[in-house]
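> Note that numbering that gives the first Met the number 0 gives residue 68 to position 69 of the sequence shown, counting from 1, and the numbers run on in steps of one. Below are the structure tokens for one structure; questions will follow.
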Amino acid sequence: MRIKWKYTERGDIISFEQGGDFITTPTNTQGDNKENVYLFPNMLDQYQNQLTRMLESERYGEAKELLRFLLNCQGEEKRHYEEWNNLLTWLDVAFPAIETTGNDIHTLADGNEDGKDEDALRRDVLSSGNYDEAFVQQVLYIMQHHPVADQQILALERAAYLQHPLVEQTIVSWLTSTEVHPALQFKALQSLKKLGTTGSIQLERLGEMVEIDIEATPLSMDDFPPVVIRVVERVESVTEVVDASLPHFARELWKECLQCLYGTAAYTRLLNDDDDTVDCYSAALHQVLELSLYGRADDDDVREAYGITDALRFRYEQACRSLRQIVQFKNEHGSQS
């Protein structure tokens, strides 16, 4: 049971009610009747999760209200107040007119009332005439500056359907002049392809400068070369006898790796598409999968399972380094798939 206590200015308890999730006490500052609010210990995570859901569903007005409430709470760590204040400042700059709920023209994911799939709904909402200059500017601003990666991805997906001269130019400029997570770079390349952008673009990906043909960017797993599927299917066949859930995690991890590897030297090596290449990358994916899930991996067992001989040892370790670099980058900067 959660209790909300109310106090008089002298500090006497005057009432309590079931269902509260915070404690209020009087301030000690002279001439200030403002209440200090103390969260129950188990409530901070719940509020943080609620805030994340609000941002992901673009309920920016509600997010502002919650942030102001949290900033008024006492007794939390300094870093929390800094994060909340920075996020509130960003929301005020990005959405100065939104102070209530997120039920405005900028919300796409409010349901699928007509039974349409997501792509059809998105095209309908963003069809010609359903957006104006302000909407375009907001989508592009979110794409570049939103603190939640999922919202940046959603903005990129929207941008792919906006027929406006600023869109392509802004995405290209953002990619080439800003440090962008490699998975987010890949999403941006997909958006450029959907927009009909042609030609190549130079980017820094995983520490190397690469030139990528925008038109060749895969839009789905089926668009990647067959060797990509061969690798993950090999890992699935080996791991499914160990744990029935591992094939699912292997496929998800491989998708994340591909988004970051695309266009790099490691991706070019993968395209050799011979049995030895499949063995090396499959074994590397298996090793990194175990490290990600369990924090350890038996390298000898992995090499034996995939037939990694001494002759393949260098290529295998090269693939391991590439995939571990991606996982390390994800852990340091967050997943953006």
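For each residue, glycine too, the CB sits at the ideal point set by N, CA and C.
Pull the bridge partners of D131 from the DSSP assignment, please.
Position 132 of the sequence shown, counted from the start, is the residue given in the question as residue 131. DSSP, once it has assigned bridges, lists no residue as partnering D131.
> Please report the distance separating the alpha-carbon of E132 from that of E82.
Counted from its first residue, the sequence shown places residue 132 at position 133. Counted from its first residue, the sequence shown places residue 82 at position 83. So the alpha carbons of these two residues sit roughly 31 Å apart.
> Ignoring anything shorter than 4 residues or poking outside the region 255-292, list the alpha helix (DSSP H) runs there in chain order.
The qualifying runs are 264-269.
> DSSP state of E203, grouped into three classes?
Here residue 203 corresponds to residue number 204 of the sequence shown, with the count starting at 1. Here E203 sits in strand by DSSP.
> Ends of the alpha helix (DSSP H) at H79?
By one-based count along the sequence shown, residue 79 stands at place 80. It spans K77 to A93 - the alpha helix (DSSP H) in which H79 sits, taken as one unbroken run.
> Hey, how far is the Cα of I200 from the Cα of L90?
Mapped onto the sequence shown, residue 200 falls at position 201. Mapped onto the sequence shown, residue 90 falls at position 91. Rounded to whole angstroms, I200 to L90 spans 32 Å at the Cα level.
> Exposed or buried, S281, counting other C-beta atoms within 10 Å across all chains shown (16 or more means buried)?
Reading the sequence shown from its first residue, position 282 is the one you call residue 281. Looking at its Cβ environment, which holds 16 or more other Cβ atoms inside 10 Å, S281 is buried.
> Looking at C-alpha atoms only, which residue of L288, Q45 and D242 is the closest neighbour of K254?
Taking the first residue of the sequence shown as position 1, residue 254 is located at position 255. Selected option, being the one with the closest Cα: L288.
> Within this structure, are the beta carbons of V277 and V237 separated by less than 9 Å?
If you number the sequence shown from 1, residue 277 lands on position 278. If you number the sequence shown from 1, residue 237 lands on position 238. Contact flag unset, no.
> I'd like to check one pair, R233 with Y305: are the Cβ atoms closer than 9 Å?
Along the sequence shown, read from residue 1 onward, the residue named residue 305 stands at position 306. Along the sequence shown, read from residue 1 onward, the residue named residue 233 stands at position 234. Yes; because the gap between Cβ atoms is below 9 Å, this pair is in contact.
> Excluding five sequence neighbours on each side, which residues of the same chain lie with their C-beta closer than 7 Å to the C-beta of G128?
Here residue 128 corresponds to residue number 129 of the sequence shown, with the count starting at 1. Reliability fails at G128, whose pLDDT of 49 lies under 50, so the model's placement of it is uncertain and the value that follows must be treated cautiously. Around G128: no qualifying Cβ.
> Evaluate I104 with the Cβ neighbour count: other Cβ atoms within 10 Å of its Cβ, from every protein chain shown; 16 or more gives buried, anything less gives exposed.
Numbered from its first residue, the sequence shown carries residue 104 at position 105. Annotation note: pLDDT 28 at I104 (below 50); position unreliable, coordinate value reported separately. With fewer than 16 Cβ atoms within 10 Å of its Cβ, I104 is classed as exposed.
> Leaving out the 5 sequence neighbours to the left and right, which residues in its chain are closer than 7 Å to L86 when beta-carbon positions are compared?
Position 87 of the sequence shown, counted from the first residue, corresponds to residue 86. Excluding positions up to five away in sequence, the list reads L66 and P146.
> Does the distance from the CB of Q261 to the CB of L194 come in under 9 Å?
Your numbering for residue 261 matches position 262 in the sequence shown. Your numbering for residue 194 matches position 195 in the sequence shown. Per the sequence shown, the amino acid found at residue 261 is Tyr instead of Gln. Against a cut-off of 9 Å, the Cβ pair of L194 and Y261 comes out as no contact.
> According to the Cβ coordinates, are L153 and I170 closer than 9 Å?
For this step, residue 153 is matched to residue 154 along the sequence shown. For this step, residue 170 is matched to residue 171 along the sequence shown. Not closer than 9 Å, so no.
> Near F94, what residues of its chain come up, given a Cβ to Cβ distance below 7 Å and the 5 sequence neighbours on each side ignored?
Position 95 of the sequence shown, counting from 1, holds the residue named residue 94. Contacts found: Y59.
> Going straight from the alpha carbon of K284 to that of F248, what length do you get?
Taking the first residue of the sequence shown as position 1, residue 284 is located at position 285. Taking the first residue of the sequence shown as position 1, residue 248 is located at position 249. The residue asked about is misnamed: residue 284 is Leu in this sequence, not Lys. For L284 and F248, the distance between alpha carbons rounds to 11 Å.
> Do L174 and V135 have their C-beta atoms closer together than 9 Å?
In the sequence shown, counting from the first residue as 1, residue 174 sits at position 175. In the sequence shown, counting from the first residue as 1, residue 135 sits at position 136. Taking 9 Å as the Cβ cut-off, L174 and V135 do not qualify as a contacting pair.
> Can you tell me whether DSSP reads D242 as helix, strand or coil?
Residue 242 sits at position 243 when you count from the first residue of the sequence shown. It is coil, neither helix nor strand.
> Measuring straight from C-alpha to C-alpha, what distance separates S291 and E214?
Your numbering for residue 291 matches position 292 in the sequence shown. Your numbering for residue 214 matches position 215 in the sequence shown. Their backbone Cα atoms lie some 33 Å apart in a straight line.
> Which whole-angstrom value describes the C-beta separation of C279 and L311, a residue pair presumed to lie in contact below a C-beta threshold of 8 Å?
Stepping through the sequence shown from its first residue, residue 279 is reached at position 280. Stepping through the sequence shown from its first residue, residue 311 is reached at position 312. C279 to L311, Cβ: 6 Å. Contact.
> Could you check if L270 is buried or exposed, using at least 16 other CB atoms within 10 Å of its CB as the buried criterion?
Walking along the sequence shown from the start, residue 270 turns up at place 271. The residue in question, L270, is exposed, as its Cβ has fewer than 16 Cβ neighbours within 10 Å.
> Once DSSP output is grouped into helix, strand and coil, what is the label at I307?
Within the sequence shown, residue 307 is the residue found at index 308, counting from 1. The answer is coil: DSSP assigns I307 none of H, G, I, E or B.
> Which residues does DSSP pair with D212 in a beta bridge?
Position 213 of the sequence shown, counting from 1, holds the residue named residue 212. The partner list for D212 (beta bridge, DSSP) reads S199.
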